[in-house]
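So the structure is just underneath, and the comments pick up after that.
Numbering (full-length UniProt numbering), first residue to last: 1 to 83.
Next comes the structure, spelled out in structure tokens:
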């Protein structure tokens, strides 16, 4: 391989690396913006990020309780047996 060919190959590799870097920087910026939007939304909801798992569990319990209470309000003869 001649010197010119090697230089052309190096230039191509450098250009490709530069393009990958620009894409990675753009993706990083996009992800940082998304993170900030989510943190703002959590703050508006009154939930701290470190309490998110507990809040999800609380909401799941609340949903389960509400479903149970709703089923109890429906007369048993109106509920079809799925046997």
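Just so you know, even glycine gets a beta-carbon here, dropped at the ideal spot from N, CA and C.
Residue i versus residue j - alpha carbon distance
i           : j          : result
residue 39  : residue 64 : 27 Å
residue 7   : residue 43 : 53 Å
residue 100 : residue 58 : Nothing can be reported for residue 100, as the shown portion of the chain is limited to 1 through 83.
residue 2   : residue 9  : 11 Å
residue 21  : residue 32 : 16 Å
Residue i and residue j closer than 8 Å at C-beta
i          : j          : result
residue 55 : residue 47 : yes
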